[in-house]
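First the structure, in the form of structure tokens, and then the observations on it.
There are 2 protein chains.
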Amino acid sequence: MTLSHHDLRQVNVFAEATDDDLQLVTRNGFMRSIEEGEYFFFQGDPAEYLYVLISGQVKLMQSSPNGKQVNIRTIQPWEMFAALGAVRKDATYPASAQAIQDSAALVVRSDFMSEMMQTRPYLAVGLTRLMTTLIQEIQARYRELATERVEQRIARTLLRLASQIGQSSESQTTSVEMEFSRQDLAEMTGTTLFTVSRTLSEWEKIGLIDAGRERIRIKDSQGLTKIADQSE
Amino acid sequence: MTLSHHDLRQVNVFAEATDDDLQLVTRNGFMRSIEEGEYFFFQGDPAEYLYVLISGQVKLMQSSPNGKQVNIRTIQPWEMFAALGAVRKDATYPASAQAIQDSAALVVRSDFMSEMMQTRPYLAVGLTRLMTTLIQEIQARYRELATERVEQRIARTLLRLASQIGQSSESQTTSVEMEFSRQDLAEMTGTTLFTVSRTLSEWEKIGLIDAGRERIRIKDSQGLTKIADQSE
DNA sequence: ATTTGTCTTTGCGCTAGCGCAAATAAGGAA
DNA sequence: TTCCTTATTTGCGCTAGCGCAAAGACAAAT
Numbered sequence: 001m002t003l004s005h006h007d008l009r010q011v012n013v014f015a016e017a018t019d020d021d022l023q024l025v026t027r028n029g030f031m032r033s034i035e036e037g038e039y040f041f042f043q044g045d046p047a048e049y050l051y052v053l054i055s056g057q058v059k060l061m062q063s064s065p066n067g068k069q070v071n072i073r074t075i076q077p078w079e080m081f082a083a084l085g086a087v088r089k090d091a092t093y094p095a096s097a098q099a100i101q102d103s104a105a106l107v108v109r110s111d112f113m114s115e116m117m118q119t120r121p122y123l124a125v126g127l128t129r130l131m132t133t134l135i136q137e138i139q140a141r142y143r144e145l146a147t148e149r150v151e152q153r154i155a156r157t158l159l160r161l162a163s164q165i166g167q168s169s170e171s172q173t174t175s176v177e178m179e180f181s182r183q184d185l186a187e188m189t190g191t192t193l194f195t196v197s198r199t200l201s202e203w204e205k206i207g208l209i210d211a212g213r214e215r216i217r218i219k220d221s222q223g224l225t226k227i228a229d230q231s232e
Numbered sequence: 233m234t235l236s237h238h239d240l241r242q243v244n245v246f247a248e249a250t251d252d253d254l255q256l257v258t259r260n261g262f263m264r265s266i267e268e269g270e271y272f273f274f275q276g277d278p279a280e281y282l283y284v285l286i287s288g289q290v291k292l293m294q295s296s297p298n299g300k301q302v303n304i305r306t307i308q309p310w311e312m313f314a315a316l317g318a319v320r321k322d323a324t325y326p327a328s329a330q331a332i333q334d335s336a337a338l339v340v341r342s343d344f345m346s347e348m349m350q351t352r353p354y355l356a357v358g359l360t361r362l363m364t365t366l367i368q369e370i371q372a373r374y375r376e377l378a379t380e381r382v383e384q385r386i387a388r389t390l391l392r393l394a395s396q397i398g399q400s401s402e403s404q405t406t407s408v409e410m411e412f413s414r415q416d417l418a419e420m421t422g423t424t425l426f427t428v429s430r431t432l433s434e435w436e437k438i439g440l441i442d443a444g445r446e447r448i449r450i451k452d453s454q455g456l457t458k459i460a461d462q463s464e
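As they're listed, the protein sequences go chains A and B.
All letters in the first sequence, in the order written, are residues 1 to 232 by this note's numbering.
All letters in the second sequence, in the order written, are residues 233 to 464 by this note's numbering.
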């Protein structure tokens, strides 16, 4: 698989890059494909590489000492992830990256990117911009987790995922088919598999969604929005 | 109040700055002092300035549409905050900054810092490094909120605060006196004022802490650590 | 078609923690 | 000192959501 510069410019950090710089990145990087369920890296590994997802879907998850897991973020194609190694020496990945669909990624050495950044402010600035986005998103999720009830969080998460996926795939169809297990969704919303299952069953009954094994499709996003926004 | 370069180098992002650059920053910035309870800025305001806390203590909090608040982060002296404006045009603050003690900050225009960053990679890289730290911290808090019980979260928060404060003040005394209301602590841990009160009362009874009105001192940090780490 | 493994559903009991209300305590101001 | 405001404590009832177990559904492999 070859990457055109046009493709790579979909990556926010590379949007303003010169052709030469993109050339450098692709020359120094390599492609890596893994199957559903496999990992790009594990929490605690030395952060030697950063990744740009080309196809598929990847979840970043963090596990606590006692073994429970939370889903920090779900990566869509053309997102850069695991970039922290580029700015911190001897960092280790704070999360594991598992493919939830067969996935391919462009892999670049952290220290190579780090060198590039020293002489190309646009790169460092772009990376900072990316990080502010991430911070804002996780802060919002944190607030939701702290203040909202499970039902609202699940609704909001479904809507968020639908918009992320709808954005990355060009299919602007109203109802996107999403592939997630109940367990995945539980980890994303900070609840349990059982509660997710119960909630989705309820919603399917009243026609808000259409759900199956590892598959959810939103039928009435307005109805979900109403649930997500209900103040009490 | 004047800021020596030595002082400013305590700020991580400025650690490697040249004297000239520090000069520029102080010349283009100004000091702003506010009293306990007042705000440096509010969520939703245009992010025109970034701040470096010089003295006091500030909490960054986010409020949801329905009015509930969470404490995103607590700022200690020599921390930079509200830096997102420097990399995003037309951004608005995603949180409000309220002084929980009388505080003073160095205030710098976002677009001035933005310009500096264009020609000084160390600044952009330093800012990115700062952001990765923030991301890691809030991710950890997110995981805790999702997987741990209230008791553990309160214990962990107390320990974290104690270490942060102990770090910024040079007093390496074993037990730091912390000034927080029960409400503050509730917002930091994603619980309610009542639960915090009950928990602290319990801990005071068994000698882990010493608490008063808007005041907490850890007496037995080992005991707290044990609570924070208990896996069940 | 049958088996096997995994994912999902659902019933059931339980409890951590919420939320209200009322009492109490601690400072600060007059 | 006394008053006033604000923070804290504590009792009490309640429920959202957890966690287990067992059954059911689906998909892939043989």
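Cβ coordinates follow ideal geometry from the N, Cα and C atoms, glycine included.
Suppose the cutoff is 7 Å on Cβ atoms and the five residues either side in sequence are ignored; what does the same chain contact list for residue i look like?
i, result
"A:Q10", "W78"
"B:E268", "A331, I332, Q333 and D334"
"A:F112", "N28"
"B:A327", "Q275, L292, M293, Q294 and I304"
Since I believe residue j is in contact with residue i (beta carbons under 8 Å), could you give me their beta-carbon distance rounded to a whole number of angstroms?
i, j, result
"A:L3", "A:L106", "7 Å"
"A:F180", "A:E151", "Actually they do not touch by this definition, with Cβ atoms about 17 Å apart."
"B:M293", "B:I304", "6 Å"
"A:G289", "A:Y122", "No answer is possible for residue 289 of chain A: it lies beyond the span of chain A, which begins at 1 and ends at 232."
"A:T74", "A:L161", "7 Å"
"B:H237", "B:D251", "6 Å"
"A:V125", "A:L50", "The Cβ separation is near 16 Å, so there is no contact."
"B:D253", "B:R352", "7 Å"
"B:M349", "B:A318", "7 Å"
"B:S296", "A:R143", "6 Å"
Would a check of beta-carbon distances place residue i closer than 8 Å to chain A?
i, result
"B:P353", "yes"
"B:P326", "yes"
"B:Q404", "For B:Q404, the pLDDT reaches just 48, beneath the cut-off of 50, and the residue's location in the model is therefore unreliable, although a value from the coordinates is still provided. No - not a single Cβ of chain A is within 8 Å of the one on B:Q404."
"B:T379", "yes"
"B:R361", "yes"
"B:K291", "no"
"B:T364", "yes"
"B:L316", "yes"
"B:K465", "This structure does not reach residue 465 of chain B, given that chain B is present from 233 up to 464, and the question cannot be answered."
"B:A356", "yes"
Leaving out five residues on either side along the sequence, give the residues of the same chain with a beta carbon under 8 Å from the beta carbon of residue i.
i, result
"A:Q172", "Legend: pLDDT at A:Q172 = 48, less than 50; position of this residue unreliable, value from coordinates given subsequently. G166."
"A:E38", "Q98 and A99"
Can you find the residues in the same chain that come closer than 6 Å, C-beta to C-beta, to residue i, ignoring five residues on each side of it along the sequence?
i, result
"B:T421", "R385, I386 and T389"
"B:L377", "G422"
"B:S265", "A336"
"A:T195", "V150"
"B:R449", "S407, E409 and D442"
"A:Q164", "Q76"
"A:E200", "The amino acid at residue 200 of chain A is misidentified as Glu; the sequence shows Leu. These residues qualify, in order along the chain: A211."
"A:A17", "none"
How far does the beta strand (DSSP E) with residue i in it extend, from its first residue to its last?
i, result
"B:T306", "Q301 to I307"
"B:L316", "That residue, B:L316, is in no beta strand (DSSP E); it is neither H nor E in DSSP."
Please report whether the beta-carbon of residue i lies at a distance below 8 Å from any beta-carbon of chain B.
i, result
"A:K226", "no"
"A:M80", "no"
"A:I138", "yes"
"A:Y142", "yes"
"A:N299", "In the structure as shown, chain A starts at 1 and stops at 232, and residue 299 of chain A therefore has no counterpart that could be examined."
"A:G190", "yes"
"A:M113", "no"
"A:I154", "no"
"A:T195", "no"
"A:A97", "no"
"A:S231", "yes"
"A:R160", "no"
"A:I72", "yes"
"A:R88", "yes"
"A:V150", "no"
"A:Q62", "yes"
What are the boundary residues of the alpha helix (DSSP H) that residue i is part of?
i, result
"B:Y374", "P353 to T379"
"B:L292", "From DSSP, B:L292 is part of no alpha helix (DSSP H) but of the beta strand (DSSP E) over Y281 to S295."
"A:L8", "H5 to L8"
Segments assigned beta strand (DSSP E), at least 3 residues, entirely inside the stretch 11-39 of chain A: If we require 3 residues or more, the beta strand (DSSP E) runs fully inside the stretch 11-39 of chain A come out as 30-34.
Would you mind listing the beta strand (DSSP E) stretches within the stretch 325-350 of chain B that are 3+ residues and don't spill past its ends, in chain order? Listed in chain order, the complete beta strand (DSSP E) runs (minimum 3 residues) inside the stretch 325-350 of chain B are 328-341.
Ignoring anything shorter than 3 residues, give me the beta strand (DSSP E) runs that lie fully in the stretch 392-454 of chain B, in order along the chain. At a cut-off of 3 residues, the continuous stretches assigned as beta strand (DSSP E) that sit fully inside the stretch 392-454 of chain B are 441-444 and 447-450.
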